[in-house]
Amino acid sequence: MLRNDVLYEFPPGCDGALILERLAQVLDPELDESILQLGFIRSLHLHDGHATVALQLPTSWCAANFAYLMAEEIRRALLTVEQIQQVTVRLGDHFAAEAIETAVNAGRPFDEAFPGEGCESLDALRATFLRKGFTSRQARVLQELRTTGLSPGEICGLRVGDVSMHGATCLARTAVGEMVTVGSATTMERYLERRRELGLDCTPTAPLVIDLRGQPLSGDRLEAYYRAARTVRVSLEANGSFCRAVLAVRQDVPQDVHTVDERRA
Amino acid sequence: MYSHNGQDLFVIDGHTHLWDASPANWRNSYGEAWIKCFYSFHQGLSPAEAVWPFEKFCRYGMETLVQDLFVTGYVDMGILNSTYLYEFYHQGFNTHVQNHALKTAYPDRFILCGSFDPRAEEAGLEAFRKMAEVYPIQGLKLYTAEWRNGSRGWRLNDPWAYKYFELCQELGIKNMHVHKGPTVYPLSRDAFDVHDVDDAATDFPGLNFIVEHIGLPRLEDFCWIATQESNVYAGLSVAMAFVQRRPRYFAEILANLLFWLGPEKLCFGSDYAIWSPRWLIEQFMAFELPDDVKQEYGVDLTLETKRKILGENAARLYGIDIEAQRAKLRQDPIGVQLA
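Quick note, the sequences are listed as chains G and V, same order.
Start counting the first sequence at -8; every next residue gets the next number (the numbering used here).
Start counting the second sequence at 573; every next residue gets the next number (the numbering used here).
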């Protein structure tokens, strides 16, 4: 996950791995991917309890609202680390860097960063993209379930408790009690994680495939539902792929045709 | 014109610009940031041999454009998507006045787009009428993210926008190229939202809405709207550029569009000079959907579909008879040079 061209500097005795783990939890809400994996973190220095993070987005025109959300999340994530008492996020070359940095580093809300721009809170925006992320992650799960040859009825009959992770693999117990491989553990875990974050039922008896209102799907609805979900997935992933390509130019990182995201796809 | 196994494909590049983003024209740091952002798109997705120096990218001029589109780029006709950005550039970025020089020099090669800005309200209606009288405007480029006097943008379903659409109907200007791609404002909402297209397309069934950049990064919203509205089309610029370095996503984006919209509603565009038609078209013609994508979506990118995407669909929108147009183009200075 770590790139060797990113600068990390931690004082002796400090648990750098833990700090990076917290940082890795911060997602680009629009792309539903970790900003560490996306390469948006250029450096992180920690001195006397003060962390300074350089965040670099693909262009200086990247949306201010998403930039604010990421910067704020970084601050929040790092402040959960015991050795960190203060966080400064730097946005670098961005059209709204000053306004965003000033607000985020002082812990002030988004609407105060842009007085007179008629801003509202970003909560609704954040919620919208958490939901898109849910749909996209679920589309990956459904894609894998479909390729295992399970029928729509069988897929919709699965419960959360029917799936289990064995190393990198996800297994499911079918209605007849048979254990089948249904895809990768990461794909399933990412889906269940987001489902939990959205407050949707993840108890073992809950249906594995539910919509955003928490309602189970019937086998005859699954195909239409899946078609819409996969478009959301392609939209998010293709957009992420574009952002990576543009960011690589900014960072002067040589690109090869088969990037990480292409391989995953 | 692109020749494939003895068959000629008529090519309309649905998204081209002749811009001046040279430093002398920068009004402020936004002008510089804007063109640098475009340049990073150019560098990020072009093949190495097609990357220009920054100075050339800022201002390349008519001759370069004509060379890159028609002489080496297989294009028969180009649609000039005028964009103004007066708050970033002293003389504008690529206004219909600037683009008109090309239309004058090669009248049969170009479709010239004008524009309107509903925030000009009543006074703008008269100016719009005048523009349509003075210039051979066949379509409009609508850029809802444009800054103006402290406003950071507008929406297609604004009441004043509807007055302009009514005027378009009266004047017989039917094709609206709507930029729906990366924008920045409004700050606290999803600035990439494409839902205003839905309202406008429903309320003006006599107009066509070609959504440039297919609403990326909101492909799903765009597909939904385009499935509901018969007069909404996909302008493929930006998406096209995935073909070389992001082939998997190119395949999946295209498969989605073919699945939801079908082959009749997709129009090729290079977004020249961000990307050049030569490599885009060569790569596109050589491209096939991978088997798993074909199977998953139940669609295919056949030669027939490529032919529609590259030119036939846009020709239909603009009422171009391809055979008659070919005959004309053979006679113009570029056609003579190519013969």
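Think of the CB as a built atom: it goes at the ideal place given N, C-alpha and C, for glycine as much as any other residue.
Indicate whether at least one CB of chain V lies closer than 8 Å to the CB of residue i.
i                : result
G92 of chain G   : The residue asked about is misnamed: residue 92 of chain G is Glu in this sequence, not Gly. Output row for E92 of chain G: interface = no.
T295 of chain G  : For chain G, the structure presents residues -8 to 256; residue 295 of chain G sits outside this window and is missing.
L116 of chain G  : yes
E253 of chain G  : Low per-residue confidence applies at E253 of chain G: pLDDT is 41, beneath 50, and the placement is therefore not dependable enough to give any value.
T257 of chain G  : The shown model of chain G, from -8 to 256, leaves out residue 257 of chain G, and the question about it has no answer.
V248 of chain G  : For V248 of chain G, the predicted model reports a pLDDT of 39, less than 50, meaning its position is unreliable and no value from the coordinates is stated.
M(-8) of chain G : Annotation note: pLDDT 43 at M(-8) of chain G (below 50); position unreliable, coordinate value reported separately. No, M(-8) of chain G does not count as interfacial toward chain V.
V80 of chain G   : no
Starting from the beta carbon of residue i, find every residue of chain V whose beta carbon is closer than 8 Å, and list them in chain order.
i               : result
E21 of chain G  : P789
T119 of chain G : D762
S25 of chain G  : Residues of chain V passing the Cβ test: none, with the nearest at roughly 18 Å.
Taking Cβ-Cβ distances shorter than 9 Å, what residues in chain G pair up with residue i?
i               : result
Y574 of chain V : Under the 9 Å cutoff, chain G gives no residues; its nearest Cβ is about 24 Å from Y574 of chain V.
What residues of chain G sit near residue i, judged by a beta carbon separation below 7 Å?
i               : result
I825 of chain V : V225 and A229
Taking residue i as part of the beta strand (DSSP E), name the residues at either end of that continuous run.
i               : result
E784 of chain V : N780 to E784
D585 of chain V : I584 to T588
E0 of chain G   : L(-2) to E0
V706 of chain V : Note, V706 of chain V: premise wrong, no beta strand (DSSP E); alpha helix (DSSP H) at E693 to V706.
K713 of chain V : I709 to L714
R33 of chain G  : I32 to H38
M857 of chain V : Element bounds for M857 of chain V: not the beta strand (DSSP E) but the alpha helix (DSSP H), P849 to A858.
Y656 of chain V : Y656 of chain V -> no beta strand (DSSP E), and no H or E assigned at all.
In chain G, what lies closer than 8 Å to residue i by C-beta?
i               : result
S612 of chain V : P49, T50, V237, V240 and R241
Does residue i have its Cβ less than 8 Å from a Cβ in chain G?
i               : result
E792 of chain V : yes
G891 of chain V : no
D863 of chain V : no
N721 of chain V : no
N828 of chain V : yes
C609 of chain V : yes
C740 of chain V : no
C795 of chain V : yes
Starting from residue i, trace the alpha helix (DSSP H) both ways and give me its first and last residue.
i               : result
S175 of chain G : Taken as a continuous stretch (DSSP letters only), S175 of chain G belongs to no alpha helix (DSSP H), being part of the beta strand (DSSP E) at M170 to S175.
P682 of chain V : The identity of residue 682 of chain V in the sequence shown is Phe, whereas the question assumes Pro. No alpha helix (DSSP H) contains F682 of chain V, which is instead part of the beta strand (DSSP E) from F682 to G686.
A677 of chain V : H668 to A677
A15 of chain G  : G7 to A15
I91 of chain G  : A88 to N96
A827 of chain V : P819 to W832
D768 of chain V : H767 to D775
E580 of chain V : The question names Glu, yet the displayed sequence has Asp at residue 580 of chain V. No alpha helix (DSSP H) contains D580 of chain V, which is instead part of the beta strand (DSSP E) from Q579 to L581.
N985 of chain V : As shown, chain V starts at 573 and ends at 911. That puts residue 985 of chain V outside it, with no answer to give.
N230 of chain G : G210 to R241
Which residues in chain V have a C-beta closer than 9 Å to the C-beta of residue i? List them in chain order.
i              : result
F86 of chain G : S601, Y602, A605 and V756
At 7 Å on the CB atoms, spell out the chain V contacts of residue i, in chain order.
i               : result
S175 of chain G : What S175 of chain G touches in chain V: nothing, since even the nearest Cβ is about 16 Å away.
T178 of chain G : Under the 7 Å cutoff, chain V gives no residues; its nearest Cβ is about 16 Å from T178 of chain G.
S142 of chain G : Ordered by position in chain V, no residue passes the 7 Å Cβ test against S142 of chain G, which lies about 17 Å from the chain.
S232 of chain G : R818 and Y821
Examine the ligand FAD and report whether any of its heavy atoms sits within less than 7 Å of the Cβ of residue i.
i               : result
N230 of chain G : The ligand FAD is not among the ligands present in this structure, which contains no ligands whatsoever.
Against chain G: residues of the stretch 798 to 826 of chain V by CB proximity under 9 Å: V810, A811, A813, F814, Q816, R817, R818, P819, R820, Y821, F822, E824 and I825
Meets three-Cβ-pair contact criterion under 8 Å: the stretch 792 to 803 of chain V and the stretch 192 to 207 of chain G: No, the stretch 792 to 803 of chain V is not in contact with the stretch 192 to 207 of chain G.
Sufficient close CB pairs (3 or more, under 8 Å) joining the stretch 699 to 712 of chain V to the stretch 635 to 645 of chain V: no
Given 8 Å, three or more beta-carbon pairs between the stretch 654 to 661 of chain V and the stretch 718 to 730 of chain V: yes
Proximal residues, the stretch 616 to 645 of chain V versus chain G, C-beta separation under 8 Å: G616 and L617
The stretch 221 to 233 of chain G touching the stretch 873 to 891 of chain V, judged by at least three CB pairs closer than 8 Å: Flag = no, the stretch 221 to 233 of chain G and the stretch 873 to 891 of chain V do not touch.
Inter-stretch contact at 8 Å, needing at least 3 Cβ pairs: the stretch 121 to 141 of chain G / the stretch 33 to 46 of chain G: no
Residues within the stretch 210 to 225 of chain G neighbouring chain V, beta-carbon criterion of under 8 Å: R218, A219, R221, T222, V223 and V225
Three-pair Cβ contact test at 8 Å for the stretch 50 to 58 of chain G versus the stretch 601 to 619 of chain V: yes
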